[in-house]
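Trainee:
There are 2 protein chains.
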Amino acid sequence: MATRTAAQQRVDAKLRYDAYVAECPTRHLLDRISDKWTSLLINALAEQPRRFGELSRRVAGISQKMLTQTLRNLERDGLVSRTVTPAVPVRVEYALTPLGLDLLPVMQAIKAWAEANMEEVLAARADYDSANGS
Amino acid sequence: MATRTAAQQRVDAKLRYDAYVAECPTRHLLDRISDKWTSLLINALAEQPRRFGELSRRVAGISQKMLTQTLRNLERDGLVSRTVTPAVPVRVEYALTPLGLDLLPVMQAIKAWAEANMEEVLAARADYDSANGS
DNA sequence: CAGTATCCCTCATGATACTG
DNA sequence: CAGTATCATGAGGGATACTG
Chain G
1 MATRTAAQQR
11 VDAKLRYDAY
21 VAECPTRHLL
31 DRISDKWTSL
41 LINALAEQPR
51 RFGELSRRVA
61 GISQKMLTQT
71 LRNLERDGLV
81 SRTVTPAVPV
91 RVEYALTPLG
101 LDLLPVMQAI
111 KAWAEANMEE
121 VLAARADYDS
131 ANGS
Chain C
135 MATRTAAQQR
145 VDAKLRYDAY
155 VAECPTRHLL
165 DRISDKWTSL
175 LINALAEQPR
185 RFGELSRRVA
195 GISQKMLTQT
205 LRNLERDGLV
215 SRTVTPAVPV
225 RVEYALTPLG
235 LDLLPVMQAI
245 KAWAEANMEE
255 VLAARADYDS
265 ANGS
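Here the protein sequences line up with chains G and C, keeping their order.
Taking my numbering, the leading residue of the first sequence gets 1, the next gets one more, and so forth.
Taking my numbering, the leading residue of the second sequence gets 135, the next gets one more, and so forth.
(1) If contact means a Cβ-Cβ distance below 8 Å, which residues of the segment 247-263 of chain C contact chain G?
(2) Less than 8 Å between the beta carbons of Leu175/C and Leu208/C, yes or no?
(3) Once DSSP output is grouped into helix, strand and coil, what is the label at Tyr17/G?
(4) Output the boundary residues of the beta strand (DSSP E) element that contains Leu230/C.
(5) Give, in chain order, every residue of the segment 73-95 of chain G whose Cβ lies closer than 9 Å to some Cβ of chain C.
(6) What are the complete alpha helix (DSSP H) segments, minimum 4 residues, inside the segment 27-101 of chain G?
(7) Using 8 Å as the limit for Cβ to Cβ distance, is Ala109/G near chain C?
(8) Helix, strand or coil, according to DSSP, for Pro105/G in the structure here?
(9) Comparing alpha-carbon positions, which option in Pro49/G, Ala60/G and Gln64/G lies nearest Thr97/G?
(10) Return helix, strand or coil for Ala156/C, following the three-state DSSP convention.
(11) In chain C, which residues lie less than 7 Å from Gly61/G when you measure between Cβ atoms?
(12) Please check if any C-beta of chain G sits within less than 8 Å of the C-beta of Pro183/C.
(13) Would you kindly work out how many angstroms separate the C-alpha atoms of Ala109/G and Ala248/C, rounded to a whole number?
(14) Which term fits Ala257/C, buried or exposed, when burial requires 16 or more other beta carbons within 10 angstroms of its beta carbon?
(15) Please classify Asn117/G: does DSSP put it in a helix, a strand, or coil?
(16) Do you know whose CA, among Val222/C, Leu235/C and Gln198/C, lies nearest Ser215/C's CA?
(17) Please determine, among Met252/C, Glu157/C and Leu189/C, the residue with the shortest C-alpha to C-alpha distance to Glu227/C.
(18) Could you give the distance in angstroms between the alpha-carbon of Gly212/C and the alpha-carbon of Ala229/C?
(19) Run the CB neighbour count on Ala260/C, radius 10 Å, all protein chains shown included, and call it buried at 16 or more, exposed below.
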């Protein structure tokens, strides 16, 4: 039944999935990729494939638990690959998959937007807080 | 000291703020704009300015509490404007600010990506789950 | 209509300790 | 090194009821 092109399939998907609908599985996916650790990790892995320890240093402040958990989720969702090299000690390397690479531009954009507009937001908050109570 | 152009200021901001650093305020901003309700609300407000009740219907499943809370945060951050028209009953309309409009493309992209790639992710999960235990 | 105010509870996340 | 396991906490978020 390979009569649908990739482009047609994408159109179909857009019709089938609508994140405005509460029961849509897209909600969960949106939740996952809208995670702060996800955006930081995808960005960090885009710089270069990295080992567990490297990642925890690059993404400062992430706990071992959240790093493991987020990486597992990303691996399960097909965004990140996990390669184990048997050795002593064992070497585990994480990298973006093609699907992860496809998501990358969005993750880069969101991180870049936050960094670029931090001061404007800070100013808006100051305005809001002085206009309203405290 | 208005010797810096807008472009230069953006470059400065990128140097000053780095979301990889744990203490960077960007982390909080990233968290906020990486919220599932935020992306849905920004998208909904881009379609047209909307009233409270319209929003709660458009973004199905959101509770009154989360809607209020998220709107307040977005207003405080300067992404959304809130206009009250005195009348009986009172009319309150929410709309995107220029800053919110600036963020819109990113919010559209993330929602669109989730909807477009849902099936690939679902397939990846099925693979992962059958490869590993259950 | 557009909220605010409470109660309540689950789950996300961090801290700590242990392991192949 | 690259995790897993366990415990503890508090914030996120839903349900319900009330108000200008």
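Just so it is clear, CB atoms sit at the ideal spot from N, CA and C, and this is done for glycine as well.
Every value quoted in this text rests on a predicted model; they were computed, and no experiment measured them.
Mentor: Reading it off the structure:
(1) Trp247, Ala248, Glu249, Ala250, Asn251, Met252, Glu253, Glu254, Val255, Leu256, Ala257, Ala258, Arg259, Asp261, Tyr262 and Asp263
(2) Result yes, Cβ atoms of Leu175/C and Leu208/C sit closer than 8 Å.
(3) coil
(4) Arg225 to Leu230
(5) Cβ contacts with chain C come from Glu75, Arg76, Asp77, Gly78 and Leu79.
(6) As far as the segment 27-101 of chain G is concerned, its whole alpha helix (DSSP H) runs of at least 4 residues are 36-47, 52-58 and 64-76.
(7) At least one chain C Cβ lies under 8 Å of Ala109/G.
(8) helix
(9) Pro49/G
(10) coil
(11) Ala156
(12) no
(13) 15 Å
(14) exposed
(15) helix
(16) When each option's Cα is compared against that of Ser215/C, the closest is Leu235/C.
(17) Leu189/C
(18) 11 Å
(19) exposed
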